[in-house]
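Enquirer: Residue numbers (the numbering used here): 23 to 518.
Dumping the structure here so I can ask a few things about it.
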Amino acid sequence: MFEKITPEQAGIPSASVERYIRTLEKRGVVTHSLLLMKGSSIFAEYYWKPFHKDFCHRMYSETKSFVGIAIGLLEEDGLLSLSDPIASFFPDKIDRELPRNLAAQTVRDMLTMQTCGKPPSWFAHSDPDRTHLYFEENAATLPSGMRFFYDSPGSQVLCALVERLSGKSLFDFLNERIFCHLNTFKTATVLKTKTDDSFGDSALLATPRDMASFARFVMNYGTWEGKRLMNEAYLKTATSRVVDNNETGFDGVFSHGYGYQIWRTEQNSFAFNGMGCQFTVCVPDRDLIMVYNGDNQGYKQASTWIVGGFFDFIVDAASDEPLSEDSESFDRLEKLGNELSLYAIGGERSTAFAKVLSGREYICAENACGIKRFSLRFYGDDRGEFCYTNEQGDKVLPFGMCRNEFSKFPQFGYSNEHAGLPTTDGFLYDCAASAAWREEKKLLLKLQIIDRYFGNFLAVFSFKDDIATITIQKFAEAFLNEYKGEIVAKIKELER
């Protein structure tokens, strides 16, 4: 496993891999890693610095696919039937007479995202028990099994079912049955909910090679090195088009159907799909696997460039036989791979106004961000600092000019091991920040959280006379909430 070969040995031109990566870069896709595999051999593996092959990346909703596989193991063990009502497993979590639609909802309905509704967001709700919340606050407006309805809280309840029936955490159960045989997932983990359950719809942390091995196991339909670890029939159904999920009329990259917590894509392929563009795509007919990680929250077109590009540049270029080696193209590809680094905002590194602005303090009108005052400080045309005061006190965010500056994001209280629970020990997320001038008096600042939790914001600073405005858009699940909105400020000296 994980033998390294050239693209040509895999039947793929090195030039096609290079065109694929350059297209992602050209389109501004924020990539952290890319792994391409033919059979059990890797023919392309690249990491955008500071990411590396041992980094355990947050997989977000790719975690759901692991839950779907775990449910199959429970069925194989005779611990459940897919036609069982989900409510029958959780009598202790139900404090009301359930609506008929919810009482009739089956495990299969939940696997195929054909549920009758969903509860409110658990991040903002006072009930810390997500399973209890699911049954207590679910409006159940439609009969289950009727139509595709993406129900992330339902996947969490399936995870709770795995842990209840197996008596183990989601990770330990899968490790005992599958991961240990793959000889991967040695450093992987799953974050927890507020009640110490596994955060099973969003929080697997694993390396790209971990994901590649699991994809290979699933694409083998349950065998590993000749040994059967899981029922073939379940996996063939789980990766098939069990239900239609196209409700727009357009053929997007993930609108080709849905199986058991697994998406269908084009050319008879299937995929694990996570927020921010965490993708593992399996193409059985060509024996190809792609593992992609990045943070493209807020960039709606990114999935088309990533998954569509994989098919256009890699799958469609694939030959069933090895190709003649192309050393010139391969060397160019390897040179490109060694130069890849995390996306940074582009533009001008400095303007004449930057020198006037540097160190000038602005006093802010009341705003949703809670920022009371700020200044921007520039150190040549290479780096700067966003200095501000909010409800927590004085903050400093270093940034690079048209490059990333890496530091700790200076906001306290964000979750760590337990999602939704504020930390109180001074824990801070790793981050990268870059800035660029887009006009003489308009600065863009891009912040990227690159930790167990991923998120980003774009702050647009505009200046005229004695007035400054900051417009901040944030893209993150249940954090960075202090960094969204519009701020209007005046130069401090003119306030006197």
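Where a beta carbon is used, it is the ideal one built from N, C-alpha and C, also for glycine.
Could you please give the first and the last residue of the uninterrupted alpha helix (DSSP H) stretch that includes methionine 241?
Expert: That run of the alpha helix (DSSP H) goes 230-241.
Enquirer: What residue range is occupied by the uninterrupted beta strand (DSSP E) comprising methionine 59?
Expert: Unbroken beta strand (DSSP E) run through methionine 59: 53-60.
Enquirer: In three-state terms, what does DSSP make of glycine 248?
Expert: Here glycine 248 sits in coil by DSSP.
Enquirer: I'd like the list of long-range same chain contacts for glutamine 323, defined as Cβ closer than 7 Å, with 5 residues on each side in sequence excluded.
Expert: Answer for glutamine 323: no residue qualifies.
Enquirer: Evaluate contact between the region 146-160 and the region 189-199, counting only Cβ atoms and requiring at least three cross-stretch pairs below 8 Å.
Expert: Result no; under three Cβ-Cβ pairs closer than 8 Å.
Enquirer: Do leucine 251 and arginine 199 come within 8 Å of each other at the CB atom, strictly closer than that value?
Expert: Yes, these two residues count as a Cβ contact at 8 Å.
Enquirer: Are at least three pairs of beta-carbons, each pair with one atom in the region 315-335 and one in the region 42-57, less than 8 Å apart?
Expert: Flag = yes, the region 315-335 and the region 42-57 touch.
Enquirer: What separation, rounded to the nearest whole angstrom, lies between the Cα atoms of arginine 186 and isoleucine 385?
Expert: Spanning the two alpha carbons is a distance of roughly 54 Å.
Enquirer: With a CB to CB cut of under 7 Å and the five nearest residues on each side skipped, what residues in its chain are close to isoleucine 509?
Expert: Here the set comprises Cys386, Asn389, Cys391, Ile393, Thr491, Ile492.
Enquirer: Is it right to say isoleucine 489 is buried, meaning 16 or more other beta carbons lie within 10 angstroms of its own, or is it exposed?
Expert: Classification of isoleucine 489: exposed, given that the 10 Å Cβ count is below 16.
Enquirer: Do the region 54-71 and the region 227-246 meet, that is, are 3 or more Cβ pairs less than 8 Å apart?
Expert: Taking 8 Å as the limit for Cβ pairs, the verdict is that the region 227-246 does touch the region 54-71.
Enquirer: Who are the Cβ neighbours of glycine 94 in its own chain at under 8 Å, not counting the five residues just before and after it?
Expert: Counting only Cβ-Cβ distances below 8 Å, and skipping sequence neighbours, we find Met252, Asn253, Tyr256, Leu257, Ala260, Tyr282.
Enquirer: So what's alanine 22 in DSSP terms, helix, strand or just coil?
Expert: In the structure as shown, the chain starts at 23 and stops at 518, and residue 22 therefore has no counterpart that could be examined.
Enquirer: What's the gap between the Cα of valine 264 and the Cα of tyrosine 280?
Expert: The alpha-carbon atoms of valine 264 and tyrosine 280 are separated by roughly 6 Å.
Enquirer: So, does the region 445-452 touch the region 399-410, judging by three or more C-beta pairs under 8 Å?
Expert: No: fewer than three Cβ pairs fall under 8 Å.
Enquirer: Compare the C-alpha of alanine 210 against each of Tyr505, Met81, Thr326 and name the closest.
Expert: Alanine 210 has its Cα closest to that of Met81, out of Tyr505, Met81, Thr326.
Enquirer: Output the residue ranges of the alpha helix (DSSP H) runs that lie fully inside the region 351-400 and measure 4 residues or longer, sorted by chain position.
Expert: Whole alpha helix (DSSP H) segments, 4+ residues: 374-379.
Enquirer: In this structure, what does DSSP give as the bridge partners for leucine 226?
Expert: DSSP lists Val212 as partners of leucine 226.
Enquirer: Please state whether the Cβ-Cβ distance between leucine 213 and glutamate 439 is less than 8 Å.
Expert: Yes; because the gap between Cβ atoms is below 8 Å, this pair is in contact.
Enquirer: For phenylalanine 236 and glutamine 414, what's the separation of their Cα atoms in angstroms?
Expert: Distance between the alpha carbons of phenylalanine 236 and glutamine 414 is about 43 Å.
Enquirer: Alpha carbon to alpha carbon, how far is proline 420 from serine 429?
Expert: Rounded to whole angstroms, proline 420 to serine 429 spans 7 Å at the Cα level.
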